[in-house]
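Chains as they are written, first to last, in UniProt numbering: chain D, 1 to 284; chain Y, 1 to 275.
Take a look at the structure below.
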Amino acid sequence: MEDFRDTQQALTNAIVDPSVTNDIGVEQRRLNIYQELIFNNIEGFCSNAFPVLKSILEQSIWESYVRQFLISGEKSSPYFVDIAEQFLDFITQTQTQTQTQTQTQTQTQTQTRLALLPQYLLELAHYEWVELNVSIQENEITDNDWQVDSNLIVPNSTWALGYQYPVHTISKQMLQSAGHTNNTEQATEIEPLDTFLIVYQDTDGDVAFMTTNAITAHLVNYIDECSVYAQHNGVEGSAESLTTLSALERYFQQVQPGTDSKVIKNFLTEAISDFVQRGVLVID
Amino acid sequence: MISGVGLGYRREMVDLKDEILASNVDYIEVAPENWMRMNERYQAPLKELVQHIPLSTHGLSLSLGSPDKLDVEFVKQVKRFLTDFNVSCYSEHLSYCSSGGHVYDLMPIPFTEEAVFHVANRIKKVQDILEQRIAIENVSYYLQTMNDLTEVEFTKAVLEEAQCDLLLDVNNVYVNSINHNYNAKEFISAMPTERIAYGHIAGHYDEAKDLKVDTHGSPVIDDVWGLLDFAYQKHGVFPTLLERDFNIPDMSELNVEIDKIHSFQKSDIKKKQKG
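Printed below as a string of structure tokens:
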């Protein structure tokens, strides 16, 4: 007798992949209901999370990504809010897999080959996911009275990011006015531009972003590394802190040898006091 | 404990807070998955409401009938949510939504004896972790792969084996009675009275004459109201909740249906007393 679990898996396969021949002995019209409900549901979550990406991609490309994501079976989280991250992971992994397949010509028959996405769209997808992720993090702002001996931490709601493209300006309109079409091959012509962004929750808890430069983004990421290091090594207290003003000055003097110490101090003081006011950094 | 008439609460209803509190809604219900892992700001409107009105929960992702391993860590997270929000009732669906990964929607468990033991064991495990009895809902389904047992036999066997409660969804009974050509009243009558913890009612979509889809996107139809009335007469009045997940109308429109459940509850309690 057939194991009911095998039957469950066969039904799931038939639902997620309409190209599979319906050999499970159910009426196609009834199977269609599940195929549509489940695809539309997951497509809705993906389009809510990646509205700009969806608007730029040709509908058939977008839908085949969602379809293959649904088929992929890598969705292990019971939380709907995690669908976006799982979809982002799927998109990213697919690029390397598709590239390898193209090079070696060993693509299997069963797996539909997805169109490779240009780098700027992969970065856009990441940026859209970061915005969603920031919006659901707890707001950790408690105190904005920064002193030179304060310990700083980067809250979970802050991301300092470096991209090769200006992801925060990309939109369908922007691409159209730049003469691009929906065709992703042509769209790869977009000019790279090193872009540094900080996405954070402001003091009201709203998602905000600011453009910044490499060294400032590095400051935020370095402070984050320090708190991770401190957590793992039990380093606490101001004496050993790595994120007081003087400790940060020493660090930046090392990574930027030859820079006037006053310039470093001014840069740090200005950046940190601004970031603490905004909620990019919080005082431990 | 919950009693009376409830309303399924969604984030889209955030502006309806005062109207919900002013209405005859006795309790609200949420899918914990939609509120867990969210920050204070997202949770604040719900926290405010539950200061005034009891909360019940109706899970979506537990996948009780799944061939995949039970997500014990997730059950523990649900437990924390129930504690944090002071929730006494937790229900889930008699279905599965994952098989080699989640698909985030409800699929029908094959009606076999083996499946009864499989799902019942998982329910027992969940009840052990939560340290409370849970209720399982009869779900709408549009096809069935294995029919060794009838839906009545399957449902009753799970309730018995798992020693859990039933969330009787009368719209789902209606939808299934059309989709699978059985008598809705016979299904309701066959359910064990003492296990019916509470009920759900909702609108559905007519895909075809013989195929209805449980969408929660339109008003409750007369035949389904009739089934609620019948269920109350058969089993006594139980707390009942209106689900409206799509095309959410003004509160005034929802109040018409909320008050209709109240009026059935009142008249059926009277009938019972007289009878």
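Using N, Cα and C, we set each Cβ at its ideal position, and we do this for glycine too.
| query | List, in order along the chain, the chain Y residues whose C-beta lies closer than 7 Å to that of Lys75 (chain D)? | reply | Here the neighbours are Gly101, His102.
| Given Phe90 (chain D), which residues of its chain have a CB within under 7 Å of its CB, disregarding the five upstream and five downstream residues? | Excluding sequence neighbours, Phe90 (chain D) sits near Phe69, Ser72, Glu74.
| said: Strictly below 9 Å CB to CB, what residues from chain D border Met38 (chain Y)? | reply: Val81, Ile136
| task | Just the chain D side, please: which residues come within less than 9 Å of Met107 (chain Y) by C-beta, in chain order? | result | One finds Gln8, Leu11, Thr12, Ile15, Tyr34, Ile38 in chain D with Cβ atoms closer than 9 Å to the Cβ of Met107 (chain Y), taken in chain order.
| message | Check whether the stretch 83–98 of chain Y and the stretch 51–61 of chain Y are in contact - that is, three or more C-beta pairs closer than 8 Å. | response | yes
| query | In or out: Ser273 (chain D) buried (at least 16 other Cβ within 10 Å) or exposed? | reply | Per the 10 Å Cβ criterion, exposed.
| said: Here's the rule I'm using: 16 or more other beta-carbon atoms within 10 Å means buried, otherwise exposed. How should Glu137 (chain Y) be labelled? | reply: buried
| Would you call Ala162 (chain Y) buried or exposed, if buried means 16 or more other Cβ atoms sit within 10 Å of its Cβ? | Buried is the call here.
| Alpha-carbon spacing of Asn147 (chain Y) relative to Pro110 (chain Y), whole angstroms | 7 Å
| Closer than 9 Å at the beta carbon, the chain Y residues around Arg250 (chain D) | Near Arg250 (chain D) there are no residues of chain Y at all, since even the closest Cβ is about 35 Å away, more than 9 Å.
| query | If you count every other CB in all the chains shown that lies within 10 Å of the CB of Arg80 (chain Y), and 16 or more means buried, which is it? | reply | exposed
| Going straight from the alpha carbon of Asp214 (chain Y) to that of Leu241 (chain Y), what length do you get? | 15 Å
| said: Any beta carbon from chain Y within less than 8 Å of Leu132 (chain D)'s own beta carbon? | reply: no
| Is the stretch 228–246 of chain Y touching the stretch 183–192 of chain Y, taking contact as three or more C-beta pairs under 8 Å? | The stretch 228–246 of chain Y, when compared against the stretch 183–192 of chain Y, does touch it at the 8 Å Cβ threshold.
| query | What residues of chain Y sit near Glu27 (chain D), judged by a beta carbon separation below 8 Å? | reply | What Glu27 (chain D) touches in chain Y: Leu143.
| message | Output needed in chain order: residues of the stretch 257–284 of chain D with a Cβ under 8 Å from some Cβ in chain Y. | response | From the stretch 257–284 of chain D, no residue has a Cβ closer than 8 Å to chain Y.
| said: Using CA atoms only, rank isn't needed, just tell me which of Y:Ser263, Y:Arg195, Y:Glu253, Y:Asn255 is closest to Leu228 (chain Y). | reply: Y:Ser263
| task | For the beta strand (DSSP E) containing Ser77 (chain D), list its first residue and its last residue. | result | Careful: Ser77 (chain D) lies outside any beta strand (DSSP E) and carries neither H nor E.
| query | Is the CB of Tyr9 (chain Y) under 8 Å away from at least one CB in chain D? | reply | Cβ-Cβ to chain D under 8 Å: no for Tyr9 (chain Y).
| query | If you measure from the beta carbon of Ser95 (chain Y) to each beta carbon in chain D, is any gap under 8 Å? | reply | no
| task | Just the chain D side, please: which residues come within less than 9 Å of residue 309 (chain Y) by C-beta, in chain order? | result | No statement about residue 309 (chain Y) is possible, as the shown extent of chain Y runs from 1 to 275 and does not include it.
| field | Same chain only: Cβ atoms within 8 Å of Glu12 (chain Y), ignoring 5 sequence neighbours per side | value | Ile248
| request: Answer yes or no: does any C-beta atom of chain B fall closer than 8 Å to that of Phe74 (chain Y)? | output: Any reference to chain B falls outside this structure, whose protein chains are D and Y.
| task | Please report the residue range of the alpha helix (DSSP H) in which Leu262 (chain Y) lies. | result | It should be noted that the sequence gives His, not Leu, for residue 262 (chain Y). Segment 251–274, the alpha helix (DSSP H) holding His262 (chain Y).
| query | How would you list, in chain order, the residues of chain D whose beta-carbon sits under 9 Å from the beta-carbon of Pro219 (chain Y)? | reply | In chain order: nothing, as chain D lies at least about 21 Å away.
| field | Buried versus exposed call for Arg29 (chain D) [16 or more other C-beta atoms within 10 Å across all chains shown] | value | exposed
| Unbroken alpha helix (DSSP H) run spanning Met174 (chain D), endpoints | 172–177
| task | Would you give the residue range spanned by the beta strand (DSSP E) that residue 317 (chain D) belongs to? | result | This structure does not reach residue 317 (chain D), given that chain D is present from 1 up to 284, and the question cannot be answered.
| query | Are there three or more Cβ pairs, one per stretch, closer than 8 Å when the stretch 197–209 of chain D is compared with the stretch 124–131 of chain D? | reply | Inter-segment contact for the stretch 197–209 of chain D and the stretch 124–131 of chain D is present: three or more beta-carbon pairs are separated by less than 8 Å.
| task | Report the neighbours of Asp71 (chain Y) on chain D: residues whose CB is nearer than 8 Å to its CB, in chain order. | result | The contacting residues are Pro78.
| message | Do Ser171 (chain D) and Val134 (chain D) have their beta-carbon atoms positioned less than 8 Å apart in this structure? | response | no
| query | Just checking, does the stretch 98–108 of chain Y make contact with the stretch 12–31 of chain D on the three C-beta pairs under 8 Å criterion? | reply | yes
| query | Residues of chain Y with a CB under 7 Å from the CB of Ile56 (chain D): which are they? | reply | The premise fails here: Ile56 (chain D) is roughly 25 Å from chain Y at the closest Cβ pair, so nothing lies under 7 Å.
| request: Return the CA-CA distance between Leu281 (chain D) and Glu40 (chain Y), expressed in angstroms with no decimal places. | output: Approximately 19 Å between the Cα atoms of the pair.
| task | Thinking Phe154 (chain Y) and Val116 (chain Y) are a contact (beta carbons under 8 Å), I'd like their distance in whole angstroms, please. | result | 6 Å
| query | What in chain D is Cβ-close to Ala115 (chain Y), meaning under 8 Å? | reply | Phe4
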